Amino acid sequence: MQNVLSILFCLSLFYLAVTPRVKAYVAVLRFQGILLTILLMLPFIEQFSIFAVILPATLFIIKVIVIPRYINKIILELDIKRTIEPTIQQFNFLLLVIFSFIIIFLAASILSQSTEIEIIPFASGFAAVAVGIFIIIFRKKLIIHVAGFLVLENGIFLFGTAVASELPIMIEIGVLLDVFVVVFLMGIALNRISSTFEGFDVTILRRLKD
Amino acid sequence: MEVVQILQGIISLILILGLSPLFVGLVNKQKAIYTGRAGASILQPYYELKKLMKKETINANSSSFISTIAPLINLIAVAAAAAMLPISFARPLISFEGDIILFAYMLGLARFFQVLAAMDIGSSFEGMGAAREATFAVFAEPIFFFTIGSIAFISGFTSIYDIYHSIRLDNISFVVFIIVCSISVFILAVTECSRMPVDDPNTHLELTMIHEVMILDNSGIDLFLYQYSSYIKLFIYVILEASFFYPFAVQSYTLGIIIFVVVIIILSAALAAVETVTSRFKMKNIPHYLLFATAIGILNLLIYTFTK
Amino acid sequence: MDLLFYSLLLQLSSIAAIAFFTENKKASAAAHLLLAAGLITGFITTLTAVLTSNFILKDMNVFGISTSLFRFDALGLYFLCIIQLVAIPTTIYSYSYLKHYIEKGKSVKSNLVFYAVLLTSTQMVVVSNHAILFLICWEVMSTSAYLGMIFEKEKKDVQTGAFYYLVMSHAVVFLLYVFFFFLHNQTNSWLFSNFHLSPDAGKLFIILYALGLIAFGMKAGFMPFHFWLPRAHPIAPTVFSAFLSGIIIKMGIYGILRTFQFLNPTPEWLGWLVLSVSMISAIYGVWYALAQHDIKRLLAYHSVENIGIIGIGIGVGFIGSAYHSVPIQVLGFGGALLHTLNHAVFKSLLFVGSGVIYQNLGTRNIELMGGLVHYGKYFVVLFLIGSIAISGIPPFNGFISEFIIYNSFFTTAKELKNYYPLLMLISAVGLAFVGGLAVACFTKINSIMFLGKERKEVKHFNISFYEYLSLGIFALLCVAIGFYPQPFIVIVNKVLTEGFIPAASSFSLLNINWYLLSIIFISASVGIILIFLWKRSIQKKYGRRISSAWGCGYEGLNPRMQYTASSYADELNEISKTALVYHKKVDKQKEIFPLKGKFESHSEDLADNKILLPAFRNFSSFVSRIRFLSYTDIRYYIAFILIIITIYSLIAFLWK
Amino acid sequence: MLEFSVLILIPLIAAAVCYLIKGTRSQYAISLTVSAFHLLFSFIIFIGLYKPNLPFFFSTDPLSKLFLLILSNVYFWVVLISFSYLKRPVTSKAEAGKKYYFLLLNFYLFANTAAILSNHFGMYWVAAEATTLSVAPLIYYYRNEEALEAMWKYLFLVSVGIAFAFIGILFLTLSANGTIMEGQQLFFSEFVKNATKLNPIWLKASFIFIFVGLSTKIGIAPMHSGDVDATSNSPSPIAALMSGSLRITALLGVMRIFQILTPTTSYEFAKLILIIGGLLSVAVAFIFMFKVNNYKRLLAYSSVEHLGIITLGIGVGGLAFAGAMYHVIYNSLNKMVLFFTAGNIHSRFKTREVNGIKSVINLMPWTGWLFLLSFFAISAIPPFGIFFSELMIFEGMLFSNKPWILAVTMFLLLFIFINMGKTLFQMLYGEKSEKAIQEKESFEIIHFSVIVLLILLIAIGTISPGILQENILSISKDFGIRL
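Protein chains in written order, with the numbering used here: chain H, 1 to 210; chain F, 1001 to 1308; chain U, 2001 to 2656; chain Z, 3001 to 3483.
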């Protein structure tokens, strides 16, 4: 089951790699949020505890409802153009993503010989991190950078479930809150940027130099 | 014994101070003879000094106390240097380990003040002379050390008296060495005492003089002091030269005196001859000439050190 | 020895005085009073300690607390003596020097504070026994000197000159770190008294010597590390340049001697190295000096020369220690030590003198001076004494130390036969050559500055009592050491025998008959006086009058026709054009009737202007062309994370 | 519970209060008292008068005690001068932002204390991220374009970096697989106890990720840029806060993981990585110093350099490690001094360009001389503290197994000194331009605090208190270094 979800996750990443539309990014983020929530719900199939619901709930609220809405709001307010502005062709980007997938999966399978780990979630989580970074590096729009960062975060989350780290509940929530606040601050910053500069490219942020 | 030595020292000092004008007279006389003139008497320098002493002193209006004290210091310094020189086998008045350095530096003191006095006038003629004097002195000092000094270093004695009396004739290369040394000393003497071919003592063109132009504005007693000390200086170098020849005799005082006199006369002849036949160098070439003399000294020293 | 620390406290208390008095005039008076008092008490203490030779070698009590931080051994105390001896007249001068600025309404407080700190830290340097303490005092000394230098910080050359100095001292201290680290690691103690290493330490021994000699040599200003002196000395306030040239570069010598104490016996080649380097420093130092027009710059180059002479002595000493020959060491090091004292004295005298001239004429360019003798006769006499002394001419102190060094040559030649006489002779000739050049140089500056007619009319030339006092003290020392060297030689000899050279008692400097020298000098001066009187009587008899100078019958002689400094030195400079970077600029006259003409001659420093600066410029231009890791786009920042992680992972992967 | 409330809760409450009440003066009063209490308490804990035992994820050990003291010391001085700093006129937009200033400061104190005292990697991560969040708006204090860009870059870069650090933490859990630690909590004290059992591969990986991730916060090259931008464009108190305390909080995380690696086989590897990072940072500063035209940026790079030196010291180990610990203290003090004085210069001349500034010493003597002194202090001239720490670090380097590091470092440092000096002196001296109005500079609280800090810098260095010494000795013991 976990593997299935991970595969879905990877598919979403591929979609990200090819989609030219900003809205799609938000959708994908929401989708990944849902996937992660289900992933957290999985243990309940065996035994159900009301206490354990808190984490999935917060996750759902933050990653599926609040953040995507927030980003949409920003997009509407600043009426950002609907298309992302890639610096390299989608095809090359896709190639890069696939290439990194292959490497990561290979690496994961090699590593799994030393210590037993579920390869699929591990690798896909890692892949998500890679894709997030690639999105940040190869896209110009700042809003897309935020999205990339979120993808990265999701990847880490998936990864965390993969390595079965039992972080205490309050820390998990703390992590989520942190992520949320980061996005929130970035949103504010974006607002300021739109009011200060014209355009939302990273290319406008080039005043600070040695 | 001590007393005798001191007495001998005093005597030789007095001899040097007394005879130095005579030597100049001798040289001039012979020069005159070579050039076919009758020439003034040998005692002419004494007369000149006497005449100068009786003259009125004139100082340039821009001159200061330097001009007043310089001649005295000049004379005393030269005299002190003279007091370190042995005549024949007598230990000189001042003789101690390392007096060779004091000797060189006393002459340096004399030069220092003569140059200052020249510059004191504030005329460009004196300046010229002073500059030349200072420049040539820089190259003259090494020659001194390459001659007398080299013997000192080889013999390990540092008092002029001992240095000269360490000279032995049992080693042929050493003899050669000594002879070349004596040549360099001769060149040194010519330079230091501003004779031909470095400087023409009786020219009449200010631009070409060295020593004469420095004392251009002095007269009377000052000029007397300058002239006298220059006589002494010349004589000092002559003695340095002469002292090379002591070893040719058995060490007896009288014989020493005889040798001394003979050598001195020969030297005066030589000096006169040189002054007659050569003409003055261009000022520019004089440093080269001196460096050449230095080179002789070095070469000679090298040969000696590696042949013995 | 507590008294000494009290004296240091007394000197430091001057800072409090400065803080206390708001008014500049009062503050400076109080501060100088305290400084002088402290220095004098300190000097007396030190001197008695030296004479009674109660040297405390280890664990001494400071205010009742037993500490091994300080040590009062012969060498340290000797240098302490020199410092205080020179500092007293300098302080006296400093009072009247700062008065000028106070009258101009410039605040001198900061400068005074730095001076006080400089004095105390310098005294601490020579008595500190703990390496860290030594480094601290050393750095405080350098820094306070720097801060003092930038007194007139508006001027550009002041900034550059001072900065040269600061950078130099920073480099030096880096080398010293390593130097002491090695010593600490070898002897595992930080105390000077425990540092000792013998040549069988092998490579380390050489490394240590290299470090020590380069570091301290830089401070002392040996060629080619002299580049900072001619820049720093001219721009510093006279008080500081006097102290800098008199004392601080001597700290380099102190360091080298300490190094020798730590690491002996030295290999012979090292002695030759030091000797030759020093010889070059001496000859070129004085030759560069000959080509200068700026009086302070000229004196700075003379410091290089004299450091060279001291170095020659040290080099001979090294050779001596290589052959375990006591006489050579005694004469070499003895000469070096005495010359250190002498140079401190007469160089300070000359610097103070130059300061006085600068105060009155407002220029340091000697070409614009002249005829000052008609304004300040006694001043000229004092300056002349300094000049004769520094040229090493009898009967003043310079001669005495050079005499010892010459003797060390002779002794070396005698002790170690075969080809040594030749080498030693060459050294002697070198030294004689230096002497000749020095004579040329100082006849030049004395005659151009003081004699003849004034080239630029002198508005006022008045010298305050304090200036005369400080100059007088210095001059008195020059004369005293020259005419009656015995007591000073005794002190130096004591310093040598007390642990500095093992078994130096067998041969001492006192074997030379110093009394004879004194007798000669004194009788000569008596003779001069006698002849002077005789001359007077003659002149009374036959008259004396003043008239204009002889100008080939041309009557309209004017000051501008006098011989200038550059023309005086020209022939000598021409000879080593390339080394001096000596170039002249003449604009040729084309018309028949010549118009206004112009002639210039300059000498740049080879090491500084031709090697150091271009090297630094090229290097910095090269580095500033590197755009490594200086991007402005955030995507690069992120990319770097990825890249560096992959690199590290590869390293981890390849890790055995 | 007392210590917990004083150190962690009270700042949080103070933040809340600052949100409620509006007046800047009262906010200042509250924050100052809080900071004073915090300082006092951490000092008491440091000298061991009070043995704290903190609840759930928190605990203290010599390292955290030291860093806590440094933090609260820096914080105290920053708060002290903040009020006079806030009084200075700024643009109307910036005026609006001032009301959050103390709130954020208090929140920062809360987060940072939590980070330093946390015994749990998860906790540490959360708290460290929180510090970033609290500092980011403060960077935007001036509300101008540069500040905005700096804030964005800092926020984004550090968030990404710290995300990587999180991956590193997850790797750490992986490394525990198949040992008794499996499924245990991430209490690093536990990890330290049985570090040898952990899986070396994952341990290495986790070290790399944590080090690189936190480098963005520490300012280790090549991840230094965001940090430099932030420090150079934030108001001086915040810059001092970041250079003095925030960076070392991040350094703490690296040291924790390094401590875990100490007994394992990967120790040498970790050391090598640290050395590379340190040298890179110093080199970056070295290169920058040749083309500097903005003095705030220069100071920022100087803290990159010094954090680099500290990392080098930790990496070289031995005596250098102890030196590095001292260096942390002195650097935090010294950076405060530099940034405070630089802040004065900035508010007088209204520019960060070096060329726009002439003869500071004449125009503002107090600031000028103090700035000069603090430059000497930062370039390791005695009797200021940095001299002693650098001495230890250098000696450690010389007698480590890689003495060439010393040569390289000294070379770089010498040129850094030369160029830094050239720039700063050009600012300090020089003839003043005509239009510069000659008003007498009054003695403000900033000058007072700077003087006190300089005295502190000298005093700690020369006296070297025994308590501090043994604290650092015990830290070194924790890191398996016998001195």
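Idealized CB from N, CA, C, for every residue including glycine. Quantities reported herein were computed from a predicted structural model and do not represent experimental measurements.
{"Check": "For H:V66, does the three-state DSSP call read helix, strand or coil?", "Outcome": "helix"}
{"Check": "For a contact defined as C-beta to C-beta under 9 Å, what are the partners of H:D210 on chain Z?", "Outcome": "V3228, I3287, F3288, K3291, V3292, N3293, N3294, R3297 and Y3301"}
{"Check": "So, does the CB of Z:E3305 fall closer than 8 Å to a CB anywhere in chain U?", "Outcome": "no"}
{"Check": "Could you list which residues in chain U have their beta carbon closer than 9 Å to that of H:L205, in chain order?", "Outcome": "T2632, D2633 and I2634"}
{"Check": "Only counting runs of 3 or more residues, tell me where the beta strand (DSSP E) segments fall wholly within the region 81 to 164 of chain H, in order along the chain.", "Outcome": "none"}
{"Check": "Here's the rule I'm using: 16 or more other beta-carbon atoms within 10 Å means buried, otherwise exposed. How should Z:R3247 be labelled?", "Outcome": "buried"}
{"Check": "At a CB distance below 7 Å, what residues from the region 3159 to 3183 of chain Z approach chain U? Give them in sequence order.", "Outcome": "V3160, G3161 and F3164"}
{"Check": "Would you list the residues sitting across from U:K2584 in a DSSP beta bridge?", "Outcome": "U:S2601"}
{"Check": "Taking 8 Å as the cut-off, decide whether the C-beta atoms of F:T1294 and F:I1143 are in contact.", "Outcome": "yes"}
{"Check": "Extract the residue ranges of the alpha helix (DSSP H) inside the region 2253 to 2327 of chain U, only unbroken runs of 4 or more that lie entirely within it.", "Outcome": "2268 to 2290 and 2295 to 2322"}
{"Check": "Can you tell me where the beta strand (DSSP E) holding F:I1058 begins and where it ends?", "Outcome": "T1057 to A1060"}
{"Check": "When the cut-off is 8 Å and only beta carbons count, does H:I135 lie next to chain U?", "Outcome": "no"}
{"Check": "From the DSSP output, in three-state form, read off Z:S3303 for me.", "Outcome": "helix"}
{"Check": "Under the three-state reduction of DSSP, which class applies to Z:H3224: helix, strand or coil?", "Outcome": "coil"}
{"Check": "Give a yes or no on whether the minimum CB-CB distance between U:V2429 and chain F is below 8 Å.", "Outcome": "yes"}
{"Check": "Give a yes or no on contact between the region 2381 to 2388 of chain U and the region 2344 to 2352 of chain U, applying the rule of three or more CB pairs nearer than 8 Å.", "Outcome": "yes"}
{"Check": "Is there a Cβ of chain H sitting closer than 8 Å to that of U:A2639, yes or no?", "Outcome": "yes"}
{"Check": "Could you list the residues in the region 2157 to 2178 of chain U with a C-beta less than 7 Å from some C-beta on chain Z, going in chain order?", "Outcome": "Q2159, F2163, L2166, V2167, H2170, A2171, F2174, Y2177 and V2178"}
{"Check": "Residues of the region 3132 to 3160 of chain Z with a CB closer than 9 Å to any CB of chain H: list them in chain order, please.", "Outcome": "T3132, L3133, A3136, P3137, Y3140, R3143, N3144, E3145, E3146, L3148, E3149, A3150, M3151, W3152, K3153, L3155, F3156, S3159 and V3160"}
{"Check": "Does the ligand NAP have even one heavy atom less than 7 Å from the beta-carbon of U:Y2468?", "Outcome": "In the structure on display, the ligand NAP does not appear, and there are no ligands present to speak of."}
{"Check": "Does the Cβ-Cβ distance between H:I133 and H:L152 come in under 8 Å?", "Outcome": "yes"}
{"Check": "Between U:G2334 and F:K1282, what straight-line distance do the alpha-carbon atoms span, to the nearest angstrom?", "Outcome": "45 Å"}
{"Check": "Can you name the start and end residues of the alpha helix (DSSP H) that F:S1173 belongs to?", "Outcome": "I1172 to E1192"}
{"Check": "Do U:H2226 and U:L2299 have their C-beta atoms closer together than 8 Å?", "Outcome": "no"}
{"Check": "Would you tell me roughly how many angstroms separate the C-alpha atoms of Z:E3190 and Z:P3263, rounded to the nearest one?", "Outcome": "14 Å"}
{"Check": "From which residue to which residue does the beta strand (DSSP E) around U:I2641 run?", "Outcome": "Premise fails: U:I2641 lies in the alpha helix (DSSP H), I2634 to L2654, not in any beta strand (DSSP E)."}
{"Check": "Examine chain H for any beta-carbon lying closer than 8 Å to the beta-carbon of Z:G3122, and answer yes or no.", "Outcome": "yes"}
{"Check": "Counting only Cβ-Cβ distances shorter than 8 Å, please list the residues of the region 179 to 199 of chain H near chain Z, keeping chain order.", "Outcome": "V181, V182, L185, M186, A189, R192, I193, T196 and F197"}
{"Check": "Per DSSP, what are the beta-bridge partners of U:R2364 in this structure?", "Outcome": "U:R2364 is not bridged to any residue."}
{"Check": "From U:M2141 to U:Y2177, what does the alpha carbon distance come to, in whole angstroms?", "Outcome": "16 Å"}
{"Check": "Could you tell me the distance, in whole angstroms, from the CA atom of Z:I3047 to the CA atom of Z:K3065?", "Outcome": "9 Å"}
{"Check": "Pick out the complete beta strand (DSSP E) segments inside the region 3379 to 3445 of chain Z, 3 residues or longer, and give them in chain order.", "Outcome": "none"}
{"Check": "When you compare each of Z:N3334, Z:F3171 and Z:L3468 to Z:L3453 by their alpha carbons, which one comes out closest?", "Outcome": "Z:N3334"}
{"Check": "Go through its chain and collect everything with a Cβ distance to Z:T3113's Cβ below 6 Å, but skip five positions before and after it.", "Outcome": "L3007 and I3008"}
{"Check": "Could you tell me which residues DSSP puts in a beta bridge with Z:N3294?", "Outcome": "Z:E3353"}
{"Check": "First and last residue of the beta strand (DSSP E) that includes U:S2547?", "Outcome": "R2544 to S2547"}
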